[in-house]
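Following our numbering, the numbering of the sequence shown begins with 1 at its first residue and continues without gaps.
Have a look at the structure below before the remarks.
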Amino acid sequence: MTSAGATSEDWSRLPVGPREHRQDVVLALVLAVGIAISTVLYGSSGMFDDPAAWWVCALMVVANAGPIAFRRRYPMTVAVLVALAFAATQLLRVPEGLFINFTLFIGLYTVGAWCSDRVRAEAVRWTVIAGMFAWVFLAIVFRWSVPSAVSGDSDTLIPSYVASSLLTIIINLVYFAAAWYSGNRAWASAVAKHALDLRTVELAVERERTAAQAVTLERVRIARELHDVVAHHVSLMGVQAGAARRVLERDPAQAAASLGVVEENARTAVEELRRMLGTLRDGDGTRAPLDDAPSTEGISRLAELVDAATTAGHPSRYSVVGDERPVPPTVATVAFRIAQEAVTNVLKHAGPDASADLRLRYLPDAVEVEVTDTGNGGRASRPSAGAEDDRSRGSGLGHVGMRERVAAVGGTVEIGPRARGGYLVRAWLPTS
């Protein structure tokens, strides 16, 4: 951003293209025709005594109008040339006093409107204006030196020669002030438009960046949902299928019960996947978000997790501390997902002899979900084959998902091994 009086080092209106150059040439030709016609008319009117020869007039037509064709290529040079031509036109007694005022005005305006070096632009304009006023004052002094010029009527309020001199000064002040102001305003408008264009580009880039971030966040959210929906049920199915295989011959009833759990979890997983995919495909906004979908009802389903873990061979307990009360749906969903992930890790990593304890505490301004087990974490007697223990690492997708969900509702989570053995997951979730 550059002010009207500052030097612009990083942006310039110049150079301009062929279109602007053609416009300047057309303007110069129009002014040349106007100056020529005005010269002929002034010369024929008899207002000038002893006017200049025709070739001098023709030369001044070119001298005044010609530089305008290059005004946006060399604005400061053009301003000086048209100022000199303006003075020469009067010194040589060329009978023209109309269109040369336009050429001088355009020259000064162009310096203010197009020069990026604002310090030099002001210096050139001040020099031209000072020269023009020096010319005006010399003309006034010369006129006052003629005795007949100061012998006007004495009964007027202001002597005629004083009044005409003041009018000349006022007209020139208005003339040069208008050229200065209009040039500066054009420059300021161009700077503002340039800043707006830059801001528009920045906003477009920011929109693209925001859209890309939104896509990434949505992918992360979908990945988290898939992990939550699939990992728990598939892990439980794997445990139950292994148990059924081991007792198939000696205890068919237990094997059938385990296979029934596999079937139930498979059906539940498919149902939740179908609901989630339906939510993703629905673009009219009528479905609930993923975190609020009916498949993630929340706290009311915590007991199901304990029953599933017990059925899978890990005796588990569920207890509620405090007075039960409704909680926000999002908090209920996060509480269920945290407990689900923790119980899944018990099935996967705690070992075959571990038991689990799930507690839900109602605090004055929050709910707390705590899952503990008596397993060995990364040193479980039966870890996942070929897999590093997610519980001992503390940096797997499950842990990342838990931390992201808790952070989304402004809560805190504690994940890690207990000093007396086993593993602990405790999440504090605000309800107000």
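Glycine is no exception: its CB is placed at the ideal position from the N, C-alpha and C atoms.
It should be emphasised that the depicted structure is a prediction, and the values quoted were computed from it without experimental measurement.
Check                                                                                                            : Outcome
Euclidean distance between Cα positions of residue 213 and residue 304                                           : 36 Å
Cα-Cα separation between residue 118 and residue 135, rounded to whole angstroms                                 : 26 Å
Presumed contact (8 Å Cβ cut-off) between residue 40 and residue 76, rounded CB distance                         : That pair is no contact at about 32 Å.
Contacting residues, own chain, Cβ-Cβ under 7 Å from residue 31 (five flanking each side not counted)            : 65, 68, 99, 102, 103
Secondary structure of residue 435, DSSP reduced to three states                                                 : The structure shown does not extend to residue 435, since the chain is modelled only from 1 to 432, so the question has no answer here.
The stretch 125-139 / the stretch 190-206 touching (three or more Cβ pairs under 8 Å)                            : no
Touching by the beta-carbon criterion (3+ pairs, under 8 Å), the stretch 334-349 and the stretch 397-413         : yes
CB of residue 367 within 8 Å of CB of residue 358, strictly                                                      : no
Three CB pairs or more closer than 8 Å across the stretch 307-316 and the stretch 257-274                        : yes
Alpha carbon of residue 62 to alpha carbon of residue 191, nearest angstrom                                      : 33 Å
Residue 158 (DSSP reduced to helix, strand or coil)                                                              : coil
Residue 51, buried or exposed, once every other Cβ within 10 Å from all chains shown has been counted against 16 : buried
Proximity to residue 166 [Cα-Cα], best of 178, 181, 141, 182                                                     : 141
Same chain only: Cβ atoms within 8 Å of residue 247, ignoring 5 sequence neighbours per side                     : 254, 255, 258
Helix, strand or coil at residue 430 according to DSSP, with G and I counted as helix                            : strand
Sequence-distant residues of its chain with Cβ nearer than 6 Å to residue 38 (five each side left out)           : 96, 98, 99
Whole runs of the alpha helix (DSSP H) within the stretch 107-191, excluding any shorter than 4 residues         : 118-144
Assumed close pair residue 318, residue 327 - CB separation to whole angstroms, cut-off 8 Å                      : Their Cβ separation, rounded to whole angstroms, is 17 Å, which puts residue 318 and residue 327 out of contact at 8 Å.
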